[in-house]
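Structure first, then comments.
In our numbering, the protein residues as written are 6 to 929.
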C-alpha cells in the first residue's frame with residue numbers, strides 16, 4: 006500500500022538424505038550468486054542527488070536520471086565537491102560519477118520535475134517528460150528531445166504539452182506519452198498521445214482516458230501499446246488501470262476489469278515471454294503487487310504482495326521490482342511487518358503453474374536478491390525506478406527513488422549493483438547439538454542469510470578440527486531461514502563432542518564460525534525424547550538452547566526451528582522431565598517463540614507441551630497463526646489458559662470449537678503439567694497429565710498457512726479469553742505432530758517424563774604436568790602444553806577428584822577428553838596409552854629425575870592422532886575407574902614411539918583446552 010533473505014565417517018543428513026565419507030558433499034555446493042539472479046546486493050559508490058529520482062534510462066554505458074533535485078554530491082566518505090544538477094544528471098555506469106553532460110530542466114512557475122526518460126532505439130536521442138518549460142534555456146513544454154552526443158536539446162522538437170508527462174515509450178518513428186494532460190498541440194488528447202519522434206508533430210493516435218496515464222509499453226510486435234494508469238475508461242470503453250490499444254490508431258484492443266478500483270498501474274515492462282505491471286493502491290482490498298501477462302495480453306500470474314510496486318524490470322528470466330512490500334501472506338511468503346524494497350522473482354513458473362487461489366494464479370516465488378533501503382523523503386515510497394546498463398562486460402543494476410539509506414548506509418536517491426564482485430559474507434549460523442541415543446548426535450543450525458545468495462554451503466567442524474566432517478547445502482531467504490541439520494552417526498556413547506558451523510556463499514565469502522556447541526552422547530536411550538520422535542513429531546522444541554534467538558527442532562526430520570521474540574529466559578532448571586534438559590521462561594507480556602518458516606497444517610494434528618505457572622492472567626501456551634512478531638489475524642489450533650488456570654483447546658472451522666477443563670480443574674499451581682490437544686477423524690480431544698479431559702466431534706479446521714507460536718499470540722474473541730495473550734511461566738518439551746496421538750501414546754509420554762536417565766559428570770583436571778628426558782631436572786607444571794613421546798621420553802600426568810556414583814546408579818562409561826595444541830605437528834602417528842599413576846607427583850616439583858611410577862595395564866589407548874588442534878576422546882576401562890570413584894585419581898599419558906603428541910594443559914586459555922574426564926552414570 007502507499008506509505009504503508011579428517012576422519013572416515015558414516016554420516017546421515019536429515020535435511021536431504023544420507024551418505025558416508027570424509028567431508029562429504031551431501032548436496033551440490035552453491036555457485037557464485039545463486040542463479041538466475043544476475044546482480045550482487047553489494048552497493049557500489051555512486052554520486053547522489055539531494056532530492057528524488059523518478060526516471061532513468063541508459064545508453065552505451067551512460068545512465069540518465071531525472072527527478073526533482075538541484076545538486077549531486079559524492080558518495081559519503083568519498084572525495085569531491087557537490088555539483089549543480091537541476092532535475093537531471095548523467096552518470097558513468099561503471100564508476101557512478103557524473104559525466105560532462107549537464108542539462109537543467111526548469112520552469113517559470115511552480116516546481117520543475119523530470120518524470121520520464123526514454124532513449125531512442127539508435128541510442129542517439131534521449132526523450133524527457135515531466136513538468137518543465139525549458140532545458141538549458143531552450144523553450145519546451147513538458148516534453149523534450151536531447152541529442153545524446155552533444156548533450157543539447159533539439160530546438161526543433163517542441164510539441165506543446167500543458168501538463169505533466171509521466172510516461173514515455175519510443176519506436177523508430179513515434180514517441181508515445183502519458184500523463185495528466187488533456188490536450189497536445191492544442192488538440193484533444195486526454196492522458197495519452199503520440200508524436201513524431203523526429204519533429205514532434207502530433208500523430209492521429211487517440212487513446213483518451215478519464216484519469217492520469219502513468220505507464221506505456223510497446224508490444225513485442227509493435228502493433229499494440231499497453232497503457233497503465235488511474236483511468237476507468239479509454240475511448241469510452243470500460244477498463245480500469247490497464248488497457249491494450251492499437252499502436253497506430255489508439256483503438257481499444259483489450260480491456261481489463263480485475264484490478265481493484267482503488268489500485269493503479271505505475272509501470273509496464275516487457276520481455277520476449279510477455280508483459281509485467283507494477284501496481285499501487287490505497288485502502289482496503291488494495292492490489293499493490295505485480296501481474297504477469299502472456300504475449301496475448303492474458304494474465305498468467307498475479308503477485309498479491311502489499312507494498313506499492315513502482316517499477317518492474319525483467320532481465321534474463323528474472324523480474325526485479327522496486328516497492329516497499331510489507332505483506333506477502335497471500336503469496337505464502339513473509340507476513341505483514343517490515344518493508345522489503347527491492348525484490349526479485351522468476352518471470353515464469355518453472356514447470357506447471359500452481360492452481361489459482363481466489364481466482365488468480367500465484368506468482369513465481371521470490372529469489373535470493375535482497376538489498377535493503379528505506380522509505381526516504383517525499384512520499385516515503387522508497388525505490389521508484391530501475392535500469393540496467395553495461396560497460397566493459399560488466400552489467401550494472403541502477404536504482405533511483407526517494408530512499409536515503411541502502412543496506413543500512415547513507416545513500417540518497419541513486420544506487421547501483423554489479424554483476425560481479427560479490428563481497429558480502431553470509432550471517433553466522435546459530436547452531437545447536439543434541440543426542441537422545443547412543444551412536445547418534447544431531448547438529449542443527451538456523452540457516453544463514455546472504456543478500457544475494459539463497460543457496461549456501463555449510464561446513465560442520467567437530468572437536469575443533471580444521472577439516473569439516475560434513476558439507477551441506479541449504480536454501481534460505483531473508484524472511485525464511487529454516488533449520489538445517491546433519492546427524493553424526495560415528496559418535497560413541499559416554500563421550501562428549503563439540504561442533505561449529507560456517508556458511509559460505511557462491512563467491513567464497515565465508516561467515517565466522519558459529520559458537521561452539523557440545524553434546525555428551527548417552528550410553529542408553531533417553532526414553533521420553535526418543536518416544537516423542539518415534540511417535541512422529543515434526544516439530545520438537547526441547548529448550549536446551551544456549552544462544553538467542555534460535556530454538557532447535559529435535560524432531561527426526563522436521564527442521565522447524567523457532568525464533569525467540571523479546572529474549573525469553575533460557576535454560577531454566579529443573580525442566581519438566583528427568584535429566585539435564587531445561588525449560589524456557591516467558592514473561593507474559595512480550596516474549597514468545599514462532600516457527601521459522603510458513604507452513605500449512607493438515608486435518609489431523611496434535612499439539613503438546615509441558616508448562617508450569619502461577620499466573621492469574623492466563624495466556625497462550627501454543628497455537629497456530631498467520632503472522633510472526635505481530636499479532637496474527639488468523640489464529641487457532643491452540644492451547645491456552647484462562648485467568649483461573651483452566652485449560653482450553655480450540656480450533657476454528659467457521660466458528661470456535663473448544664474443549665475446556667472443568668470449572669475446578671485449574672493448573673496454575675506452579676507445578677509441571679502435561680497438556681495435549683488432538684484433532685483427527687474422531688474429532689477433538691484434550692488431555693491433561695495423561696488423562697482425557699473432554700472430546701467433541703469437530704474433525705476439521707479452516708485451512709491457512711502460518712507459523713506455530715509458543716508463549717503468546719492473538720486470542721481476541723475466543724471463549725473465556727484471558728486477560729493476557731501472553732503466557733507467564735515456564736514451557737518445556739513442546740511438540741507438534743501431523744497426526745492425532747492416541748490416548749495410549751499421550752499416557753506413555755506423561756509416564757516417561759519420570760523415567761530414569763543418565764547422569765553425566767565432567768571432571769576437569771585439577772593439576773597437570775609433563776616430564777622431559779631431554780631436560781631431566783626441569784618441571785613443567787605451569788606450562789600451557791603437555792607432551793607425550795616414547796623416545797626421547799615425554800610423559801604427561803593428570804590429577805582428578807572423582808565423584809561418587811549418584812544414588813541408585815553405577816558408572817556406565819568413562820572417557821578422557823583432551824585437545825591437541827596448535828603447535829605444528831601436534832598429532833602423532835604412534836599409539837598413546839592412558840595408565841594409572843601409582844606414585845606421587847606434583848605439578849611444581851616433578852621432573853624426569855623424580856617421575857612417578859605408572860601402572861602397567863592401560864585403561865585405554867588411542868591409535869594415531871591427526872595433526873591440527875582438535876578434541877580427542879579415549880575410552881577408559883569402566884571397571885577400573887568404578888573402583889576409584891569418590892577419591893583422588895591420577896592418569897598418565899605414555900607412548901613407546903618417537904613421534905611426539907602435544908596437547909593443551911589445564912593452564913591453557915584455548916577453547917575446550919583443559920583435559921577432562923567424562924563419566925556417565927545410569928541405572929544399575
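The beta carbon of each residue, even a glycine, is placed where N, CA and C say it ideally should be.
The beta strand (DSSP E) runs of length 3 or more contained entirely in the segment 483-551 are, from start to end of the chain, 488-493, 501-509, 522-525, 544-546.
If you look at residue 679, you'll find it in the beta strand (DSSP E) that goes 678-685.
Between residue 721 and residue 641, the gap from beta carbon to beta carbon reaches 8 angstroms or more.
Under the three-state reduction of DSSP output, residue 445 falls in the strand class. Relative to the Cα of residue 714, the nearest Cα in the group 545, 798, 877 belongs to 545.
Here residue 902 has 795, 835 as same chain residues with Cβ atoms under 6 angstroms from its own Cβ, once five neighbours each way along the sequence are excluded. Put simply, of 552, 743, 216, 680 the residue whose alpha carbon is nearest the alpha carbon of residue 576 is 552.
Your pair residue 583 and residue 767 does not check out as a contact, with CB atoms roughly 19 angstroms apart and the cut at 8 angstroms. Taking a contact as a CB-CB distance under 8 angstroms, the pair residue 343 and residue 331 counts as one, their CB atoms being some 7 angstroms apart. In this structure, residue 99 keeps its C-beta atom at 8 angstroms or more from the C-beta atom of residue 291. With respect to the 8 angstroms criterion, residue 218 and residue 295 are not classified as neighbours on the basis of their beta carbons. In the structure shown, the three-state DSSP call for residue 354 is coil. Between the segment 72-84 and the segment 44-64 there are three or more inter-stretch CB-CB distances shorter than 8 angstroms, so the stretches are counted as touching. The shortest CA-to-CA distance from residue 168 to any of 162, 174, 117 is the one to 117.
In the displayed model, residue 824 falls within a strand according to three-state DSSP. Between residue 880 and the set 912, 554, 922, the nearest pair of CA atoms involves 922. For the set 439, 514, 450, 542, the Cα lying nearest the Cα of residue 498 is the one of 439.
Just so you know, the alpha carbons of residue 154 and residue 123 end up roughly 15 angstroms apart. With fewer than three CB-CB distances shorter than 8 angstroms, the segment 444-454 does not count as touching the segment 847-861.
Rounded to whole angstroms, the gap between the alpha carbons of residue 607 and residue 662 is 17 angstroms. Contact between the segment 104-115 and the segment 75-87 is absent: fewer than 3 CB-CB pairs across the two stretches fall below 8 angstroms.
About 6 angstroms separates the Cβ atoms of residue 673 and residue 620, confirming a contact at the 8 angstroms cut-off. In terms of Cα proximity to residue 914, the closest of 928, 789, 844, 900 is 789. Spatial neighbours of residue 346 in its own chain (CB-CB distance under 6 angstroms, excluding positions within 5 residues in sequence) are listed in chain order as 329, 378, 387, 388. Only residues of its own chain outside the window of five on either side were considered, and among them 331, 332, 334, 632, 635 have a CB closer than 7 angstroms to the CB of residue 341, listed in chain order. Between residue 270 and residue 318 the beta-carbon gap is near 15 angstroms, outside 8 angstroms, which marks them as no contact. Rounded to whole angstroms, the gap between the alpha carbons of residue 501 and residue 890 is 20 angstroms. If you draw a straight line from the Cα of residue 451 to the Cα of residue 482, it comes to about 12 angstroms. Between the alpha carbons of residue 809 and residue 581 lies a distance of about 26 angstroms. Secondary structure at residue 696: strand, using DSSP grouped into helix, strand and coil.
The criterion of a C-beta distance shorter than 8 angstroms is satisfied by residue 188 and residue 194.
Contact fails between the segment 562-577 and the segment 684-691, because fewer than three Cβ pairs, one in each stretch, are under 8 angstroms apart. A direct Cα-Cα distance of roughly 7 angstroms separates residue 476 from residue 462. C-alpha of residue 266 to C-alpha of residue 307: approximately 16 angstroms in a straight line. Taking C-beta atoms under 8 angstroms as the contact rule, residue 617 and residue 735 qualify, at a distance of about 5 angstroms.
In this structure, residue 419 keeps its C-beta atom at 8 angstroms or more from the C-beta atom of residue 45.
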